[in-house]
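Read top to bottom, the protein sequences are chains G and X. Quick note: the first sequence uses our numbering, first residue 1, plus one each step. Quick note: the second sequence uses our numbering, first residue 1001, plus one each step.
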Amino acid sequence: MTTFRFESRPSLLSMATVAGPDEAKGPLGEKFDQVVPDLWVGQKSWEQAEQELLARAGQTLLVKENLTAADVDLMVGGDLLDQLVTTHFASRTLDIPTFGMFSACATLTASLAVAAMAVDAGYGQKVLVTVASHHHAAERQYRYPVELGIQKPATAQWTATGAAAFLIGKGGPVVVREATPGRVVDYGVKDPFDMGGAMAPAARDTLLRHLQDTGRTVKDYDAIFTGDLAAVGSTLFRDLLKEEGVQVEGIHHDCGLILYDRSSQKAVQAGGSGAACSGLVTAAHIIPGLLSGEWRRVLLLATGALHSPTTYRQGESIPCIAHGVVLERAEAP
Amino acid sequence: MKLSPEAAQTYDQKRLAHHPPVPVARHFWRAFWVGGLISTVGQFFLSYFEKKGLMPDQAAIPTAAVLVVLGALLTGLGLYDRIASYGGMGAALPITGFANSMVAPAMEFRRDGWVMGVGARLFQVAGPVFVFGTLASLFVGSLWYLFYGGFTG
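Following this line, the structure appears as structure tokens:
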């Protein structure tokens, strides 16, 4: 039994988002707190730009709630860059005690789970969860220089630019009810241009364990959101579940397919990815849906590919992980 | 958990079945006309330099230089990566693609300093081409020497 149930009902008090220009052109464009006009964000490097996105998301949240850094007990968050430079460097200006988390694009749910654990156990009254990613910074680290002419296959995904911050405490309108930490699952995929295909088995593993632990079926959820399986990984995920007799057709959605309009934003190829992908979609789509009453209980399964450029060059396959978090509207039983 | 190699192979087949088909005809067509267009521009300059009185093998040198400058310029303007993501090998193979492979890392790593940034990373993409191109020419040259006993005639 590895699903944690938070009896004291830690919940979401507030959230803030800063999105990049391509994300602003997507279907959720109107719903972000702040949109930056270009990928520089007024900085001198992509890395600094990513830090600025995160710092702005954190500050926007503090201003919204009329809080200072001293009111926040802990910051739990991560990003995709080596040594979590975005999170740690941005934390210099936010000045909140910080746990850096790395689960690649599954960082959001790992951080939400840890924040909910801290609040549930009474170690913190207010815990800040942050995620950030930047398309060009990720390209430079994981792949090639940004201006290099490369034709990517249709299975490739687009790292989202943006940052999201969530404040977890008690008494908010959306409750973090349960968390199921993921196991590292490696199905031998070596193609970094098919991360959805590499991550789908990890998402299945966590979903099946979650259902077993809670004794529920997928019908108990109004929606199940995977992080960034995108076009290829999403259909694969549903097929893998069908093999296990679990039917998620109709209730499964993928953040990577929600963030962009693939028919007009061709460059995103199979869909979005990146730590900010599930962060932006959760803040701009999932939480609003819970608040408006569209859904009562959703399972958020952020998915992450845990390889590095070094392990890829050395011929290793891509280990993946998916952490699950159950979000419920507060008045739900 | 890590799947056994056999099980991983079975999964790979399942995964690849979900991949959209590669639009081979479209890729060929785009590579053909983009590569053809770049070559036509090259031919224009080659003919121009010949008309100015250079021998064909001499005229190839300023032609290559002009194309490298054009490739570098388009990279600097942020256009060449778009041309190449559309035209694929049609844009990567001509010498303008070589210019792109040098200028793109220079731009990217300029922020890491002149020595450890530009100096160390300039050949990140083009380096392997030089290394294995040189090795291949050495190999072919050695064969030639063995079978024909010399490099003249």
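The beta carbon of each residue, even a glycine, is placed where N, CA and C say it ideally should be.
Its Cα nearest to that of H134/G, the residue C277/G stands out among C277/G, P319/G and W295/G. Around the beta-carbon of T310/G, fewer than 16 other beta-carbon atoms lie within 10 Å, marking it exposed. Exclusion of the five residues before and after G172/G leaves S11, L12 and L13 as the residues of its chain whose Cβ lies within less than 6 Å of its Cβ.
Secondary structure note for T1063/X: its alpha helix (DSSP H) is the uninterrupted segment P1056 to G1076. E7/G is positioned such that its CB atom lies no closer than 7 Å to that of A137/G.
Proximity of T17/G to chain X, defined by a Cβ-Cβ separation below 7 Å, is not satisfied. Under the 8 Å Cβ criterion, the segment 249-267 of chain G does not count as touching the segment 182-191 of chain G, having fewer than three qualifying pairs. Just so you know, the alpha carbons of T303/G and H323/G end up roughly 7 Å apart.
Counted as a single uninterrupted DSSP element, the stretch harbouring V1022/X is not any beta strand (DSSP E), since DSSP gives it neither H nor E. For R329/G, DSSP records a beta bridge to V174/G. Close CB contacts of R177/G within its chain, under the 6 Å cut and outside five residues either way in sequence, are with V326 and E328 (chain order). With a contact defined as Cβ atoms closer than 8 Å, L229/G and E23/G miss out at about 18 Å. Between P192/G and Y312/G, the CB-CB gap stays under 7 Å.
Annotation for F237/G: the continuous alpha helix (DSSP H) segment containing it runs A230 to E243. Counting of Cβ neighbours within 10 angstroms places P1094/X among the buried residues, the total reaching 16 or more.
As DSSP reads the structure, W158/G sits in a beta bridge with G272/G. G196/G places its beta carbon less than 7 Å from that of G233/G.
Per DSSP, the beta-bridge partners of F225/G are H253/G and L300/G. Put simply, the backbone Cα of T206/G is about 51 Å away from that of G1036/X. Nearest in C-alpha terms to E65/G, of all of S103/G, W40/G, M15/G and G279/G, is M15/G.
Residues of the same chain with a CB within less than 8 Å of the CB of R1030/X, apart from the 5 flanking positions on each side, are Y1086, G1087, G1088 and G1090 in chain order. For V232/G, the neighbours in chain X by C-beta distance under 9 Å run, in chain order, R1015, H1018, H1019 and P1020. Using a CB distance cut-off of 7 Å, G1088/X counts as an interface residue toward chain G. Taking a beta-carbon distance threshold of 7 Å, E147/G counts as an interface residue toward chain X.
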